[in-house]
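Below: one structure, written as structure tokens.
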Amino acid sequence: MKILVSAKRVSDPNAKLAIAKDGKWIEGDVEYILNPFCENAIECALQIAEANDGTETVAIGIGDDETARFIRQGALARGIDRGILVSADEEAIDSDLIARIYMGVVHRENPDIVLLGKQAIDGDSNQVGQLLAEYLGWPQATFASKVEVSGGKAIVTREVDGGLETLEVTLPAVITADLRLNEPRFASLAGIMKAKKKPFDELEIDDLDLEDTDTKVQVVGLSTPSGRKAGVIVKDVEELVQKLRSEARAI
Amino acid sequence: MSKVLILAEHDKGALKKVTLNTLAFARQYVAKFGGSYDFAVLGHNVAGVAEALRSYGAGVVHLVDHADLAHPIASAWAKVLADLAKSIGADIVVGPASTTGKDVLPRVAVRLGAGMASEIVSLTDGGAFRRPMWAGNLMGDVKITTANKVISVRASAFDAAEATGGQSPVTAFASDAGLATARVKFVSFDGVQSTRPDLTEAAVVVAGGRGLKDKFGAVTEPLADVLGAAIGASRAAVDDGFAPNDYQIGQTGKVVAPQLYFAIAISGAVQHLAGMKNSKVIVAINKNPDEPIFKVADYGLVADAFVAVPELTAQIKTLRG
């Protein structure tokens, strides 16, 4: 079995963001982390591989040398077998083109499962897994909180509005990870050393035989939302009730 | 002139309010760009949902009722919805950014060759779609460059649309989910049993954090009872098993904007704020005065939640007689 798993870097959610001069993306000394949902996907891939002998795991990232570093440190150092970097300007591609780049890699690698984070916490679009599944004509199980693989099928429990849904998908399939899927392991020192020697391919988008590299969605402007002002600190419950009643008229 | 196709959301044969929030966006879109809107009702034994939508001013309510569609399997729903959009010449498909909408709509976009914008909160004057990015720390204005468009709508950003009277015709559309259902099978649904209002529809939300520990229910439920409120939770409280996943409010959970929001023992991480900071009135109760939740709260009470919340509950109960 072969599993392809995503390794996307995102800006640190606690960093202060500055809007670039062209108003279309962020700029400055932004700290990056591996997308938390990709960490869950990577952990899930490792657990499936550990339970199924002969499983190969491959991490894919799109970007530049910095992204390559995240593929090595975030995925290979944790135990993923090899890495693939597709060179592209991360800021100039949309969810649709990312999905088609993944599709191109899937056509080269023929994995049984593609495991992705359910969303990247910078763009927050929550689209790529679903787009990829449709481009491939594969079934999908998004927002997974439990994955069991056996006999060419995956039983996936999904976090949905109102509760938990369980689906059975026949492989190959796309699965996207939610946060409660697992507790991602840390890379060991030995893992970090090994990661440097693991196979690592660098591809250009042109290598992937896509029909075109047009985007369908463009960010034309960024702005800071109007902030909320801190209100008042009340001294006790009685004052809170009184203010909620007579001032806010909320109860 | 645009033709908008709105995916209706329903639960066990009852129309969900998020459909009407989504309709509010569709009406704004039609007011700006001209055209009309239709509804798409997908499911099994859902004629009642179509009937309930007849008085909302749609050109047509399309009903696709088939056993294959009983559960919202994304590949099947996407195929049927895209086929319907093509057959009626819809150039924009919109649905709520619920877990069903998030699951289904991107696949519709691929089938229509459309670009998709997620979780739209408004239309800008220039006709761009405005959406929160980076956990809502920045707002992005996006343009979709394809002729066909797919949009998911953040329900909490739009007031539910009102009925306009009239009787839109209900037209059956023959489903052909076909092979789209072949490799995926519904196994089970483990629903959260609740008599409380839906979290995304409630006027009052009582949300608790990890600090409430195994007293999560004991603290939040009595207050929610007196206020007729829904109960929500921070991610940490859900991760630690004190509250079900369906309760999670935040960037990657539910986004709510009630009239009144109680954040109890919630620190206010950016990911949580992303899901509730547009609430009308925010009350924070936390024993640590330095928590970031106090920076967005209209009323802050620095107190031990285990003491303050039962007292608050009792006082409101007395007040309401």
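The listed protein sequences derive, respectively, from chains A and B. For our numbering, add 7 to where a residue sits in the first sequence, where the first one is 1. For our numbering, add 1 to where a residue sits in the second sequence, where the first one is 1. The beta-carbon is built from N, C-alpha and C at its ideal position, and this holds for glycine as well. Fair warning: this is a prediction, and the values are worked out from it, not measured in the lab.
Residues of the stretch 126-138 of chain A with a C-beta atom less than 7 Å from some C-beta of chain B are Q126, I128, D129, G130, D131, S132, N133, Q134, Q137, L138, listed in chain order. In this structure the stretch 205-213 of chain B does not touch the stretch 129-136 of chain A; the number of beta carbon pairs closer than 8 Å is below three. Nearest CB-CB separation between K153(A) and chain B: not below the 8 Å threshold. Residue contact with chain A for P133(B): present (Cβ-Cβ distance below 8 Å to some residue of chain A). Assigned with DSSP and collapsed to three states, M134(B) falls in strand. Per the Cβ contact rule, the stretch 22-30 of chain B is in contact with the stretch 146-162 of chain B (3 or more Cβ pairs under 8 Å).
In the DSSP assignment, K255(B) is bridged to I250(B). Under the three-state reduction of DSSP output, D72(A) falls in the helix class. G61(A) has its alpha-carbon roughly 21 Å from the corresponding atom of H114(A).
A contact between stretches requires three or more CB pairs, one per stretch, nearer than 8 Å, and the stretch 244-258 of chain A fails this requirement with the stretch 76-89 of chain B. Approximately 5 Å separates the beta-carbon atoms of K125(A) and D185(A); this is inside 8 Å, confirming the contact. Residues of the stretch 105-117 of chain B with a C-beta atom less than 9 Å from some C-beta of chain A are V105, L106, P107, R108, V109, A110, V111, R112, G114, A115, G116, M117, listed in chain order.
Unbroken beta strand (DSSP E) runs of no fewer than 3 residues, entirely contained in the stretch 253-314 of chain B, are found at 261-265, 282-287, 300-303, following chain order.
Separation of the CB atoms of I89(B) and S3(B) is rounded to 12 Å, and the pair is thereby denied contact status at 8 Å.
The beta carbon of Y30(B) sits no closer than 8 Å to any beta carbon of chain A. Here L41(A) is buried. Its C-beta has 16 or more other C-beta atoms within 10 Å. When the beta-carbon positions are compared, L8(B) and A53(B) stay at least 8 Å from each other. Assigned with DSSP and collapsed to three states, T125(B) falls in coil, not helix or strand. Residues of the stretch 221-236 of chain A with a C-beta atom less than 9 Å from some C-beta of chain B are D221, T222, K223, V224, Q225, V226, V227, G228, L229, S230, T231, P232, G234, R235, K236, listed in chain order. Residues of the stretch 19-34 of chain A with a C-beta atom less than 8 Å from some C-beta of chain B are P20, N21, L24, I26, I33, listed in chain order.
E120(B) belongs to the set of residues whose beta carbon lies under 8 Å from a beta carbon in chain A.
Residue P206(A) holds the alpha-carbon nearest to the alpha-carbon of G90(A) among D214(A), I212(A), E34(A), P206(A). Listed by position along chain B, the residues whose Cβ is nearer than 7 Å to that of V112(A) form an empty set, because the closest Cβ is around 17 Å away.
Distance from the Cα of T201(B) is smallest, within the candidate group S230(A), D168(A), G234(A), L229(A), for D168(A).
T196(B) counts as exposed, since fewer than 16 other C-beta atoms from the protein chains shown sit within 10 angstroms of its C-beta. DSSP places H63(B) inside the beta strand (DSSP E), whose first and last residues are 62-66. Going by DSSP, Q147(A) is part of the beta strand (DSSP E) stretching over 147-157.
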